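The numbering used here applies: residue -4 is where the sequence shown begins, and numbers increase by one.
Positions of the beta carbon are idealized from the N, C-alpha and C atoms, including for glycine.
Please read these numbers as outputs of a predicted model, since none were measured by experiment.
To start, the structure itself, in structure tokens.
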Amino acid sequence: MNTKEKIKVGILGATGSVGQKFIALLQNHPWFEISEIAASKKSVGKKYKDVVDWIIPNSFPKKLGNKIIKECKPNLDCRIVFSGLDSGVAGEIEKDFAQNGYIVVSNSKNHRMDDDVPLLIPEVNPEHLEIIKSQKFNGGAIVTNPNCSTIGLTIALKPLLDNFGIESVNVVTMQAISGGGIEVMKSDIVKDNVIPFISGEEEKMEIEPLKILGKINSYKINYAEFPISAQCNRVDVFDGHTECVQIKLKKETSVQEIIKVWKNYKYVPQIKELPLAPKQVIHYFEDEKLPQPKFQRDIDKGMAVSIGRLRPDNLFDFKFVVLSHNTIRGAAGGAILCAELMYAKSLL
């Protein structure tokens, strides 16, 4: 696919931490090309390089430095908008774009639990894209990716649900500071510290996987039916969410069989070889000291999920540790993969 055939995309919230990650990951993308960047009114009309406080490790995209920031209104020259907007403003703006014919792929929470909006992890529930046909937009659509901590957990649960059934799940997270946005990253509050509260996070982790793992029936999603208990903590790690999981299964199985289904798991993104899809969705590590954010978060473009320390549990059946990159797999990268899946399914 040559450059002239690339689909034009815009970034909403381009100066924020998620917006920056969108821009970094879309550089040289084979299917998509950034044609518009938009942000809050205080940035409108200014050059991107003069406004953005570039905080991610990737080098600054010089070819976008002189691009003028536009207002988040549906008059942008693009087909897709990737939204990294703050939830305080995202809801109505995203709806306005969809009603004006744009495909909105959002990292914001506002529409995740809407009945007619897919909460999408392409390796888990690609069939949920069917429900956008029930959306009442003028040729547009809204698709959301889940909360960053939800994604790693749900990818780990999917093969277990398919093969053994799930009765209950308990999860305790240790979440990176980059998940808190620029203010948290620049603050000293997490230095040498653990914050045992992230607003709204536990509620998201307890409900979002049930929608994602649910079954679609006549453009309606019937949620999966098992309880999830979550406790979420912010820790002094820059990137990478670590989760300690306990699980009770419906069928008896073994450590070896669980590891086998994890290692063999693949779905539509791997079959279709989507550009940002990990070649292997789940990596399992036998070393009991792994996975660790410092060493495993960037595996396969930062899009793979790492698991380790699977062993029997005295209260549940098994326990294990999950690691995923929160700003790539759990945010911008996951959203771009959603758009790639839509492209592969001729939904753009």
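Helix, strand or coil at residue i according to DSSP, with G and I counted as helix
i       : result
Lys289  : helix
Ser224  : strand
Lys16   : helix
Phe313  : strand
Arg324  : helix
Tyr43   : helix
Met372  : Outside the displayed range of the chain (-4 to 343) lies residue 372, so it cannot be described from this structure.
Lys186  : coil
Leu343  : coil
Ala9    : coil
Glu247  : coil
Asp119  : First, the amino acid is wrong: residue 119 is Val here, not Asp. Residue state, collapsed to three classes: coil.
Leu354  : Residue 354 lies beyond the range of the chain shown here (-4 to 343); nothing can be said about it.
Met(-4) : Confidence at Met(-4) is low in this model, with a pLDDT of 41, below 50, so the placement of that residue should be treated as unreliable; the coordinate-derived value is given next. If DSSP states are grouped into helix, strand and coil, Met(-4) belongs with coil.
Lys65   : strand
Ser54   : coil
Ser346  : Outside the displayed span of the chain (-4 to 343) sits residue 346, for which this structure offers no information.
Leu124  : helix
Leu21   : helix
Leu114  : strand
Asn212  : strand
Nearest-angstrom beta carbon gap, residue j and residue i [assumed within contact, 8 Å]
i      : j      : result
Ile254 : Phe313 : Contact flag wrong, Cβ pair sits at about 11 Å.
Ala19  : Cys67  : With 8 Å as the limit, Ala19 and Cys67 do not qualify as a contact, their Cβ atoms being about 20 Å apart.
Pro117 : Pro270 : At roughly 12 Å, the Cβ-Cβ gap does not stay under 8 Å, so Pro117 and Pro270 are not in contact.
Tyr260 : Pro154 : 4 Å
Ala151 : Ile51  : That pair is no contact at about 26 Å.
Straight-line gap, residue i to residue j (C-alpha atoms, nearest Å)
i      : j      : result
Asp157 : Val250 : 16 Å
Pro25  : Lys104 : 28 Å
Gly325 : Glu247 : 31 Å
Ile161 : Val300 : 20 Å
Phe311 : Ser163 : 8 Å
Gln130 : Pro113 : 10 Å
Lys243 : Gly96  : 44 Å
Gln287 : Thr237 : 8 Å
Asn309 : Gln241 : 10 Å
Ile277 : Pro141 : 18 Å
Gly329 : Lys16  : 11 Å
Met200 : Ala225 : 6 Å
Pro191 : Phe233 : 17 Å
Gly175 : Phe55  : 21 Å
Unbroken alpha helix (DSSP H) run spanning residue i, endpoints
i      : result
Leu332 : 328 to 339
Asn158 : 143 to 159
Leu205 : 196 to 207
Pro264 : 263 to 266
Gly297 : 294 to 297
Span of the beta strand (DSSP E), counted from its first residue to its last, around residue i
i      : result
Ala396 : As shown, the chain starts at -4 and ends at 343. That puts residue 396 outside it, with no answer to give.
Ser82  : Ser82 -> not in any beta strand (DSSP E); alpha helix (DSSP H) instead, spanning 82 to 94.
Ile193 : Premise fails: Ile193 is in no beta strand (DSSP E) and is neither H nor E.
Tyr305 : Just to set this straight, residue 305 is Leu in the shown sequence, not Tyr. 300 to 307 is the extent of the beta strand (DSSP E) around Leu305.
Lys215 : 215 to 217
Glu31  : 27 to 34
Interface flag, residue i vs chain D, CB-CB below 8 Å
i     : result
Tyr97 : In the displayed structure, chain D is absent; only one protein chain is listed.
Residue i CB to nearest heavy atom of the ligand FMN below 7 Å
i      : result
Asn102 : The ligand FMN is absent from the structure shown, which contains no ligands of any kind.
Inset, instruction - Pair every Cβ in the segment 75 to 83 with every Cβ in the segment 328 to 339, then say whether three or more of these pairs are closer than 8 Å. - result: A contact exists between the segment 75 to 83 and the segment 328 to 339.
Legend entry - Segment contact, 8 Å Cβ cut-off, at least three pairs: the segment 7 to 16 with the segment 33 to 42: Three or more beta-carbon pairs drawn from the segment 7 to 16 and the segment 33 to 42 are found closer than 8 Å, and the two stretches are therefore classed as touching.
Legend entry - Contact the segment 170 to 188 vs the segment 203 to 218: 3+ CB pairs below 8 Å: With a cut-off of 8 Å, the segment 203 to 218 and the segment 170 to 188 do not count as touching, because too few Cβ pairs lie within range.
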